[in-house]
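Protein chains in written order, with our numbering: chain L, 23 to 345; chain D, 57 to 156; chain Y, 391 to 754.
And the structure:
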């Protein structure tokens, strides 16, 4: 059964009592909430996801709850709770669907230590994965959404899940979370109506979710090996530039961006080394024009660009000083 | 030199080191399981660590084994170039002077 | 899925008889994994599952136990490394570094260390060496955790510790004690006696407390000084200590005598009574009978009995009971009551409440 086969009323009822169990990637998530907007969020963004009624065991238990005390009614707030942990400060109630996403990401990053997890976007095309590793505010979610609209299969916009024995990347297939100016940038390119409504947020300039395609969700159980590792950085006014990065340096950057490399000890070291063994190449990448960046990644898919061989140096010069 | 009292160097504690490098790259990754730290070192420093995996060595013996392994001559790699490498590895808590 | 009544508590059952893990249904595991994680005992279940054979655990559950085991293994490695660092730095400035609690369990290779999580490292040093110990640590990269001046005073003048130290680069926490209970408190176990009986480890100057003292320290920490939130985990530690040392010929005969020597008779009574409740049959009957002389009078005894039992159960928020919350709050006040005399306690609690309110206002 998938979420779209449940009526909104049934979702609301089940969310309030006992919770709705949804499979996202390898995780069974039990979501509970008395808030009707969470039912709508599930219906909108998780329509294609399998729902497992009466699941006896769930990997993640997340509750999205109204603010405590007076903040339930006055300038109403919402917060999320994963078992006993409340990972975030309360936010305005209109951001409840975003709180659901943040809560699920938090739960995965804090619990799923049977994977090596890196703060990165992962997309698959032609059987291999592109890993876009960068910290927050680097533009990786925007790039991820732009590539998704071009048909790339999104594994995740936030967490690269790397399987421990064989370093394969495992999909989560959940919605992409966009903020601020990137929302309109992506909406302009969206012919399929995948971008949801914008929720006002003065701090981030607005939040919107990009729902995953049916094919992305259907491929939720199919892992893939890594192809390329890229460290993108959006810089206003900057021409599109790239430079190859030695794997040893890429290793340290990925370890730095990892949620649990340190916790996994020797296994983490070996898994990350094996991932880079499998990678065709690693690059630093700077851009300001989204369409050019998308084109660069699509060419990357065909073959890894050497410094001057596959692209004209006047169009895409190699970076002149290390960044 | 009085061989009996020549100071020896050894790896820190009974922990294991794991190495990884890619062909054509100048740096080697070293994972130190006791501290959980991952270090990026040059190939020569990695070679020093590998020699010490066999047990504590005096600087002179270590130097000779490095020359054998790397193929450098004594002029290309004099003994006094070893001291700064060992000092740096000591600061990274990878090696220590053996007291006994 | 229907609401699970909080009375269904597989965690205690499984701690008493680990073999029960192989008979649990998936719905029981759903609750057990979360309760154990909440009580910081999931790593222990992971270790026990490995002993029983992981193929006997349902497949959906195994990754959670594996994750907890990996986390515990990382904590163990970090603790070993911290012990090594502390020994390097303090070896030259003090004759005795007595490792306490988790650090001791790891260094001595005790079964208690298996699957356990460690938050910070605790050591006991002679009071006379305290100044140079603090100096050596500060010179080697430890720094006092950023504390409000009120808290600095709380630790130094009233409690039994330097303020906690944090290492600049490793960000690990070190608590340096010169006695095991606050000097302002009601009980005064003589640290000289603890130091005198401490057992040396192979790496000087590291020591651990003697077996009876280890149990008494754990009892004092939980029932005199402690945060009841970790109570179940502390009882599990004590049960492990008893299983490990109970076979030593001097352990049981000396225990009560030593408790009286250290003024820790009352905490020992609580420890034995609750060990017997949680793990029946672990303590010899004659020891339980002899310890009765240390029991608190009525009505404290039945009241504490109820409070501890209500507070000790790990409660997930959706199963939270007002009884459990009230019991935990009362025990929290009690632990402060025992740490400081009344003239200090009320102002202290008011000060903490005001600071918390002020902090919440600032966050908004």
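Note that beta-carbon positions come from the ideal geometry of N, C-alpha and C, so glycine has one too.
Run down chain Y in chain order and give the residues with a C-beta less than 8 Å from the C-beta of residue i.
| i | result |
| --- | --- |
| residue 47(L) | In chain order: nothing, as chain Y lies at least about 13 Å away. |
| residue 35(L) | None at all; the shortest Cβ gap to chain Y is about 13 Å. |
Which bits of chain Y does residue i rub up against, with CB to CB less than 9 Å?
| i | result |
| --- | --- |
| residue 143(D) | Residues of chain Y passing the Cβ test: none, with the nearest at roughly 17 Å. |
| residue 69(D) | 470, 471 and 474 |
Please check the pair residue i and residue j, which I expect to be a contact at CB under 8 Å, by giving their CB distance rounded to whole angstroms.
| i | j | result |
| --- | --- | --- |
| residue 659(Y) | residue 684(Y) | 4 Å |
| residue 183(L) | residue 139(L) | 6 Å |
| residue 200(L) | residue 239(L) | Not confirmed; about 19 Å, so no contact. |
| residue 487(Y) | residue 476(Y) | 7 Å |
| residue 179(L) | residue 143(L) | 5 Å |
| residue 519(Y) | residue 479(Y) | Rounded, the Cβ-Cβ distance is 13 Å, inconsistent with contact. |
| residue 37(L) | residue 53(L) | 7 Å |
| residue 517(Y) | residue 581(Y) | 7 Å |
| residue 129(L) | residue 157(L) | Incorrect: roughly 20 Å between the Cβ atoms, too far for contact. |
What residue from the options has the CA that sits closest to residue i's CA?
| i | options | result |
| --- | --- | --- |
| residue 661(Y) | 621(Y), 512(Y) and 501(Y) | 621(Y) |
| residue 708(Y) | 56(L), 237(L), 143(L) and 275(L) | 56(L) |
| residue 623(Y) | 669(Y), 447(Y) and 591(Y) | 669(Y) |
| residue 211(L) | 252(L), 180(L) and 166(L) | 166(L) |
| residue 570(Y) | 408(Y), 482(Y), 490(Y) and 600(Y) | 490(Y) |
| residue 81(L) | 401(Y), 439(Y), 591(Y) and 419(Y) | 419(Y) |
| residue 612(Y) | 676(Y), 520(Y), 638(Y) and 721(Y) | 721(Y) |
| residue 630(Y) | 399(Y), 401(Y) and 406(Y) | 406(Y) |
| residue 557(Y) | 493(Y), 536(Y), 635(Y) and 411(Y) | 536(Y) |
| residue 137(L) | 163(L), 185(L), 127(L) and 172(L) | 185(L) |
| residue 679(Y) | 416(Y), 516(Y) and 666(Y) | 666(Y) |
| residue 88(L) | 117(L), 68(L) and 79(L) | 117(L) |
| residue 65(D) | 105(D), 148(D), 150(D) and 112(D) | 112(D) |
| residue 131(L) | 160(L), 204(L), 281(L) and 237(L) | 281(L) |
| residue 94(L) | 135(L), 237(L) and 114(L) | 114(L) |
| residue 109(D) | 97(D), 99(D), 67(D) and 81(D) | 67(D) |
| residue 644(Y) | 603(Y), 481(Y), 705(Y) and 512(Y) | 603(Y) |
| residue 318(L) | 216(L), 172(L), 275(L) and 213(L) | 172(L) |
| residue 152(D) | 124(D), 133(D), 100(D) and 115(D) | 115(D) |
| residue 677(Y) | 461(Y), 694(Y), 527(Y) and 642(Y) | 642(Y) |
Mind listing the chain D neighbours of residue i? Cutoff is C-beta to C-beta under 8 Å, in chain order.
| i | result |
| --- | --- |
| residue 468(Y) | 92 |
| residue 351(L) | Beyond the ends of chain L as shown, which are 23 and 345, falls residue 351(L); an answer cannot be given. |
| residue 295(L) | 76 and 85 |
Starting from residue i, find everything on chain D with Cβ-Cβ shorter than 7 Å and list it in chain order.
| i | result |
| --- | --- |
| residue 277(L) | 94 |
| residue 269(L) | 78 and 81 |
| residue 288(L) | 74, 87 and 89 |
| residue 382(L) | The question about residue 382(L) has no answer, for chain L in this structure spans 23 to 345. |
Which bits of chain L does residue i rub up against, with CB to CB less than 7 Å?
| i | result |
| --- | --- |
| residue 461(Y) | 135 and 285 |
| residue 453(Y) | 136 |
Determine the chain L residues that contact residue i at a beta-carbon separation under 9 Å, and present them in chain order.
| i | result |
| --- | --- |
| residue 399(Y) | Under the 9 Å cutoff, chain L gives no residues; its nearest Cβ is about 15 Å from residue 399(Y). |
| residue 517(Y) | Those within 9 Å of residue 517(Y) in chain L number zero; the least Cβ separation is about 36 Å. |
| residue 506(Y) | Residues of chain L passing the Cβ test: none, with the nearest at roughly 15 Å. |
Below 9 Å on C-beta distance, what does residue i contact in chain D?
| i | result |
| --- | --- |
| residue 138(L) | None at all; the shortest Cβ gap to chain D is about 13 Å. |
| residue 291(L) | 74, 76, 85, 87, 89 and 94 |
What residues of chain L sit near residue i, judged by a beta carbon separation below 8 Å?
| i | result |
| --- | --- |
| residue 457(Y) | 133, 134, 135 and 136 |
| residue 424(Y) | 83 and 105 |
Check distances from the C-beta atoms of the segment 91-112 of chain L to those of chain Y and list, in chain order, the residues that come in under 7 Å. 103, 105, 106 and 111
Contact residues within the segment 436-451 of chain Y, judged by C-beta distance below 9 Å to chain L: 448, 450 and 451
Count the CB pairs spanning the segment 69-87 of chain D and the segment 290-307 of chain L that are closer than 8 Å, and state whether there are at least three. yes
Any C-beta of chain L within less than 8 Å: which residues of the segment 74-106 of chain D qualify? For chain L, the residues of the segment 74-106 of chain D that bring a beta carbon within less than 8 Å of one of its beta carbons are 74, 76, 77, 78, 81, 82, 83, 84, 85, 87, 89, 92, 94 and 96, in chain order.
Would the segment 470-480 of chain Y and the segment 447-460 of chain Y be scored as touching if the rule is three or more Cβ pairs under 8 Å? no
Along the segment 687-717 of chain Y, where does the CB come closer than 9 Å to a CB of chain L? Name the residues. Only those residues of the segment 687-717 of chain Y whose C-beta falls short of 9 Å from the nearest C-beta of chain L are listed: 704, 705, 706, 707 and 708.
Take every Cβ of the segment 214-222 of chain L, pair it with every Cβ of the segment 238-247 of chain L, and state whether three or more of those distances are shorter than 8 Å. no
Which residues, taken in chain order from the segment 225-253 of chain L, show a beta carbon closer than 9 Å to some beta carbon of chain Y? Of all residues in the segment 225-253 of chain L, none has a Cβ within less than 9 Å of some Cβ in chain Y.
Using a Cβ-Cβ cut-off of less than 8 Å, give me the residues of the segment 405-420 of chain Y that come near chain L, in sequence order. Going along the segment 405-420 of chain Y in chain order, one finds 415, 416, 417, 419 and 420 with a Cβ nearer than 8 Å to chain L.
Can you confirm whether the segment 26-45 of chain L touches the segment 68-82 of chain L when touching is taken to mean that 3 or more C-beta pairs between the two stretches lie within less than 8 Å? yes
Does the segment 420-440 of chain Y touch the segment 89-101 of chain L, meaning 3 or more C-beta pairs lie closer than 8 Å? no
Meets three-Cβ-pair contact criterion under 8 Å: the segment 244-259 of chain L and the segment 298-316 of chain L: yes
Contact between the segment 503-523 of chain Y and the segment 427-434 of chain Y (3+ Cβ pairs under 8 Å): yes
Count the C-beta pairs between the segment 122-137 of chain D and the segment 399-417 of chain Y that are closer than 8 Å, then say yes if the count reaches three, no if not. no
Are there three or more Cβ pairs, one per stretch, closer than 8 Å when the segment 247-267 of chain L is compared with the segment 303-322 of chain L? yes
Between the segment 521-535 of chain Y and the segment 583-594 of chain Y, are three or more C-beta pairs nearer than 8 Å? no
Along the segment 75-89 of chain L, where does the CB come closer than 8 Å to a CB of chain Y? Name the residues. Residues of the segment 75-89 of chain L with a C-beta atom less than 8 Å from some C-beta of chain Y are 76, 77, 78, 79, 80, 81, 83 and 85, listed in chain order.
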